[in-house]
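What follows is a short report on a single structure.
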Amino acid sequence: MTDRTRGLKDLLWALALAGLVATVLRLWFGLGPTTNLSDAAPWGLWKILNMVAGVAISTSGFTMGFLVYVLRLERFRPLMKPAILVAFLGYGCSCGALLLDIGLPWRFWHPFFMWNPHSFLFEVFWCVTLYFTVTAIELAPSVFEKLKAERVTKALHKVAFWVVIVGISLSSLHHSSLGSLFLVTPQRLYPLWYTPLLPLLFILSAMGGGLMFLVLVRILHAHWYDREAVFGPTPLERELFLLGSVRGDGGSRRRQVGRDMPVLTDVARIATGILAAWLLLQIYHLAHPAVWSTFVAGTWETWLYAAELLITAVVPIALVWRPQFRRSPGALAVAACSASAGLLLNRMDVGIFGYFRSSGVVYFPSLVEWALSLGVIAAAALVFLYFVENMGVFAVSPAEGDGPRPFRVSFDSLSRVWHTALRSGLERTTLIAVLVVPLAGALMYPPYARRRTVDVRAASRLDVAGDSLRIDGDRTGLRTVFSHAGCQKRLGGDSSCVSCHHMSLPGDTTTPCSSCHRHMYTETSIFDHDYHIKAVADSLSLPGPFPSNGSCVYCHAEGEAKTEGNAKACVECHSEWRDEYANGTRDLARAPGYLEAMHGTCLECHQKEAAERNQPLLQQCSTCHRSLTPRGSPEAQLARRR
410 MTDRTRGLKD
420 LLWALALAGL
430 VATVLRLWFG
440 LGPTTNLSDA
450 APWGLWKILN
460 MVAGVAISTS
470 GFTMGFLVYV
480 LRLERFRPLM
490 KPAILVAFLG
500 YGCSCGALLL
510 DIGLPWRFWH
520 PFFMWNPHSF
530 LFEVFWCVTL
540 YFTVTAIELA
550 PSVFEKLKAE
560 RVTKALHKVA
570 FWVVIVGISL
580 SSLHHSSLGS
590 LFLVTPQRLY
600 PLWYTPLLPL
610 LFILSAMGGG
620 LMFLVLVRIL
630 HAHWYDREAV
640 FGPTPLEREL
650 FLLGSVRGDG
660 GSRRRQVGRD
670 MPVLTDVARI
680 ATGILAAWLL
690 LQIYHLAHPA
700 VWSTFVAGTW
710 ETWLYAAELL
720 ITAVVPIALV
730 WRPQFRRSPG
740 ALAVAACSAS
750 AGLLLNRMDV
760 GIFGYFRSSG
770 VVYFPSLVEW
780 ALSLGVIAAA
790 ALVFLYFVEN
800 MGVFAVSPAE
810 GDGPRPFRVS
820 FDSLSRVWHT
830 ALRSGLERTT
840 LIAVLVVPLA
850 GALMYPPYAR
860 RRTVDVRAAS
870 RLDVAGDSLR
880 IDGDRTGLRT
890 VFSHAGCQKR
900 LGGDSSCVSC
910 HHMSLPGDTT
920 TPCSSCHRHM
930 YTETSIFDHD
940 YHIKAVADSL
950 SLPGPFPSNG
960 SCVYCHAEGE
970 AKTEGNAKAC
980 VECHSEWRDE
990 YANGTRDLAR
1000 APGYLEAMHG
1010 TCLECHQKEA
1020 AERNQPLLQQ
1030 CSTCHRSLTP
1040 RGSPEAQLAR
1050 RR
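Per our numbering, the sequence shown starts with residue 410, numbered consecutively.
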């Protein structure tokens, strides 16, 4: 039998290996150099797609457990194992995304011991971790059956009911909590997606979309491994059936539909019923006058929201509830794919797209983020295929030697050489690794990648005298109002200007910070080569019609390439900076990023004042960035008094 998963596995291995490279880069360099996250867009692709959407798409585990173990609907039991496997892998992806998303992954153990029961994320962390453990226990019998550990298997089957009940409770709790996470941003989340019903909407969409994803998984499994289970007899078998019917030799007893189609149809009807309830709640939300006026405004959010409703609920309901469509595996697969994609889009809308307008920036993931997110999904898919082919997850598995086995030869069609050299999955995967790992490393290595260059906007005056300035260098809205006159007075009057304006351009008394620190995050070269050529020629009174040509040897070694590396240190001429910049060239020739310069200038003074005046709030971010401080808080009251 031809291995229909051959090309798919090769692609999954390539994505998983690229994701591994991205993981190493993320852990080595940190979030800043490897992601496009910012203060305005702090939640990125793998937080929403892998964690928030990942647990939603995996909800079939607890939903199917409720149908089988609580409602005793035994006809759904054949789908119980694959549902548990999907839940295990989905929650595994979520745990991996959480580990990589936090600033310091090696502190993953903190929530276990440093409790914050007032945080939604704390509850989500515990529920996701515990439910992942529960799914591992639910999946364990399949593993121990393969290992022929009968006693352990029997013991696990005895506690299965109670484990499932705990899993149902945990999963339902954290899905509502995930919706509650976004209730704390009423001023930031776009009105089409913000509603007090978010916790209920989250759990309903997860239940409906998760069941439809399970239907899609079963149809894909049938396509790759067991076509007759869903798609029914092959064309040749249909011809034999018709011939047998005419001859009267029992052809009428042959099955004309896949044996699992009735079960999949029932699951799809339950799922679309749940999605119909979700759609009704969305319509109720739209009926609010303020939300409706936003919907009819015709913005890009309007079209995105309408597309979400269409593919999440309208298309699946229309396909599943028409008999001629739901009896077709192809139509059922389209409905399941539409609902699954709609669920992912809903989470992306609520977690990312819904914040674009209020933040004033458009976030687009970096290559590392894409590689890591898709790599985690690809790794989960490989584990799924391994379990399917080796652990008897589905009721009917390929017989030994009579079907596709895991990770066999892939390139035998090219030549007999490939057939001989790549007989095993290990050899094939090694070849993919040799090609993918260096390429992925070169493309994603942060020092090779183009760094973000955000031009700084100069501070603007809030009064004629310039006593107060509004600083918003990258125009993201995280601005601060700086009392220039008050700071100058506290530091000692006019003589204190050099504390901040430590360098001035020729002809300037106090050069604005943005003149040198011209980029928000990256260094700026402030070395004027032409000016120095002329200044050296004039100071040495070099003769000739082109005296500047003779000035090179004054800074660069004669007979060598004229590079920054062999140039004379700046402090050899600018002796006034000798003590502060002992290493010379780089410090004077380049100005650090605007963010680093501002924080480096202000933070030290704030920390000193906080200690001397016994006011620890002075060193917090919200002291300057008051938009980060909730109204009515002690920090806000202190800021108003200042």
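Virtual Cβ for every residue (Gly too), placed ideally from N, Cα, C.
Please read these numbers as outputs of a predicted model, since none were measured by experiment.
Looking only at DSSP bridge pairs, what is residue i linked to?
i	result
Leu878	Arg870, Phe891
Arg999	Ser934
His926	His926 is not bridged to any residue.
Asp864	His928
His965	Ala976
According to DSSP, simplified to helix, strand and coil, what is residue i?
i	result
His697	coil
Arg817	Because the pLDDT at Arg817 is just 45, under 50, the model does not fix this residue reliably, and the value given afterwards should be weighed accordingly. It is coil, neither helix nor strand.
Gln897	helix
Ser490	Ser is not the amino acid found at residue 490; the sequence shown has Lys there. In this structure, Lys490 counts as helix in the three-state DSSP scheme.
Tyr599	coil
Trp452	coil
Tyr634	coil
Gln691	helix
Leu982	The question names Leu, yet the displayed sequence has Cys at residue 982. Reduced to three states, the DSSP call for Cys982 is coil.
Val705	coil
Leu426	helix
Cys1033	coil
Asn445	coil
Tyr854	coil
Phe955	coil
Ala558	coil
Arg484	helix
Cys909	coil
Pro671	helix
Leu606	coil
Leu914	coil
Gln1028	helix
Could you name the residues of the same chain whose beta carbon sits closer than 8 Å to that of residue i, not counting the 5 residues immediately before and after it, in chain order?
i	result
Arg656	Only weak support exists for where Arg656 lies, its pLDDT of 46 falling under 50; the value from the coordinates is given anyway. There are no such residues.
His983	Leu997
Leu476	Leu482, Phe485, Ile679
Pro487	Asp669, Val672, Phe803, Ala804
Ala946	Pro956, Ser957, Gly959, Ser960
Leu783	Leu424, Ala427, Gly428
Ser923	Val865, Arg866, Ala867, Ala868, Gly882, Tyr1003
With respect to the alpha helix (DSSP H) encompassing residue i, which residues constitute its N-terminal and C-terminal limits?
i	result
Gly588	569-590
Gln733	732-735
Arg413	It is not in any alpha helix (DSSP H) - Arg413 carries neither H nor E in the DSSP assignment.
Asn755	738-760
Arg766	765-768
Pro725	724-729
Phe471	469-474
Ala465	462-466
Apart from the five residues just before and just after residue i, which ones in its own chain have a Cβ nearer than 6 Å to its Cβ?
i	result
Met800	Ser551, Lys555
Cys1033	Thr889
Val573	Gly474, Tyr478
Leu728	Phe734, Ala740, Ala744
Phe765	Val771
Gly895	none
Leu649	Model confidence at Leu649 stands at a pLDDT of 44, short of 50, so the residue's coordinates are unreliable; what they give is reported in the following sentence. For Leu649, where only same-chain residues beyond five positions count, there are no Cβ hits under 6 Å.
Ala579	Before going further, note that residue 579 is Leu rather than Ala in the sequence given. If we look at Leu579 and ignore the five residues flanking it on each side, its Cβ neighbours are Cys536, Leu539, Tyr540.
Pro608	Ser585, Gly588, Ser589
Thr681	Pro725, Ile726, Val729
Val561	Phe553
Arg1051	Annotation note: pLDDT 46 at Arg1051 (below 50); position unreliable, no value reported.
Ser936	Rather than Ser, the amino acid found at residue 936 in this sequence is Phe. Result list for Phe936: Ala998, in chain order.
Can you give me the Cβ contacts of residue i inside the same chain, cut-off strictly under 7 Å, excluding the 5 residues immediately before and after it?
i	result
Phe793	Leu494, Leu498
Gly619	Ala465, Ile466, Ser467, Thr468, Ser469, Thr472
Arg879	Ala868, Ser869, Leu871, Arg888, Val890
Runs of 4 residues minimum, wholly inside the region 514-549: which ones carry the alpha helix (DSSP H) assignment?
Counting only runs of 4 or more, we get 519-522.
Quick one: complete beta strand (DSSP E) runs, 3+ long, within the region 772-811?
As far as the region 772-811 is concerned, it has no whole beta strand (DSSP E) run of at least 3 residues.
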